[in-house]
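Report on the structure given below.
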Amino acid sequence: MPIIDTHIHLFDRPYAMAFSADHIKNGVEGEVTQYENYRHTHAIDKAFVICYEYRSNPKNNDYVLNLTQYRKWILPFGFLKSTPTTMVKQAKQLLKRKYFGLTFYLDSSKSNPWIANYKMEDFWSLVEKQRVPVSINMSYRSIPTLLKVLKRYPKCILLIAHMAAPIVKKGKLNNAFLITKELKNYPNIYIKLSGFYAFSTKGWRYPQNDMFCAVDFLHEHFTAKHLLFASDAAPVLSFNTMKQVIEMLRSEYSGFTKKEIQDIYYNNASAIIRRRQSCL
Numbered sequence: 561m562p563i564i565d566t567h568i569h570l571f572d573r574p575y576a577m578a579f580s581a582d583h584i585k586n587g588v589e590g591e592v593t594q595y596e597n598y599r600h601t602h603a604i605d606k607a608f609v610i611c612y613e614y615r616s617n618p619k620n621n622d623y624v625l626n627l628t629q630y631r632k633w634i635l636p637f638g639f640l641k642s643t644p645t646t647m648v649k650q651a652k653q654l655l656k657r658k659y660f661g662l663t664f665y666l667d668s669s670k671s672n673p674w675i676a677n678y679k680m681e682d683f684w685s686l687v688e689k690q691r692v693p694v695s696i697n698m699s700y701r702s703i704p705t706l707l708k709v710l711k712r713y714p715k716c717i718l719l720i721a722h723m724a725a726p727i728v729k730k731g732k733l734n735n736a737f738l739i740t741k742e743l744k745n746y747p748n749i750y751i752k753l754s755g756f757y758a759f760s761t762k763g764w765r766y767p768q769n770d771m772f773c774a775v776d777f778l779h780e781h782f783t784a785k786h787l788l789f790a791s792d793a794a795p796v797l798s799f800n801t802m803k804q805v806i807e808m809l810r811s812e813y814s815g816f817t818k819k820e821i822q823d824i825y826y827n828n829a830s831a832i833i834r835r836r837q838s839c840l
């Protein structure tokens, strides 16, 4: 079965020193060489590459876009600085350069009221009109604010990274996370099933099955039609192998049917790609 991986990173300087850098010896382009090996091994058809311009990689947008010249499997999500007064200008510049989607990061400890500010109106209008998928790294704390945005721009295609950072204690989700289900009322909201290692009390211990109650909750309220497979390579590789990441929802979690697995690993992302390409 082919896979579309909806959340990976590719850096010219490797993300982590915690895992072997042997892949660099076989290719001048670092992590992209490593991921291409994964593609062939695991039948990964395409990948949403989430750009992130942090201190060690301040020009990640340019790096990833250059990779797309010879690698059509890469669908780049251009990184936006979280500045409401410049977001629409940044977005227009990136879209003009043919980025497939956009991405930005929210402060996970806050509600981030600025995303519903009037200064963001032009940004949300633009991405809704052009069917631009926007990947947002955020926690559930920002969902009340995001709901305010969606009331005005209900057709936005938003991909919520890492399950909106659920907190699980003694096998139960914290009550504050339950507001996540309110996003199900909007047709173009998708939840990426990724980041298990970051929230599990087991950390690197595969499988991080204490987080399966979060998957149960998201499955119940969003259905499999709004869930996406996402590996979070290369950060995840400090904790699990790529095979473990790919197999966890197929082999360790028993809550999905074969048809639902097909939707989560391929069909849903394929539909996002078709909608976006209709506006390119």
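Residue numbers (this note's numbering): 561 to 840. For each residue, glycine too, the CB sits at the ideal point set by N, CA and C.
{"Query": "Backbone CA spacing between F664 and S642 [nearest angstrom]", "Result": "6 Å"}
{"Query": "Residue nearest to S699 in terms of C-alpha spacing, selected from S671, K711 and K762", "Result": "S671"}
{"Query": "Beta-carbon proximity of L787 to L778, cut-off 8 Å", "Result": "yes"}
{"Query": "Inter-residue CB distance, Y612 and H569 (contact presumed, cutoff 8 Å)", "Result": "6 Å"}
{"Query": "CA-to-CA distance, E591 to H583, given in whole angstroms", "Result": "Reliability fails at H583, whose pLDDT of 48 lies under 50, so the model's placement of it is uncertain and no value is given."}
{"Query": "Paired residues, beta bridge with F639 - DSSP", "Result": "T663"}
{"Query": "Where N735 sits in the DSSP three-state scheme", "Result": "helix"}
{"Query": "Buried/exposed call for S616, threshold 16 Cβ in 10 Å", "Result": "exposed"}
{"Query": "Secondary structure of I727, DSSP reduced to three states", "Result": "coil"}
{"Query": "Pick from K729, S791, W684 and I727 that is closest to K711, judged by C-alpha positions", "Result": "W684"}
{"Query": "Beta-carbon proximity list for M511, same chain, < 7 Å, skipping 5 on both sides", "Result": "The structure shown does not extend to residue 511, since the chain spans only 561 to 840, so no value can be given for it."}
{"Query": "Span of the alpha helix (DSSP H), counted from its first residue to its last, around L809", "Result": "No alpha helix (DSSP H) holds L809; DSSP gives it neither H nor E."}
{"Query": "Closest by C-alpha distance to G755, when choosing among L743, L809 and P714", "Result": "L809"}
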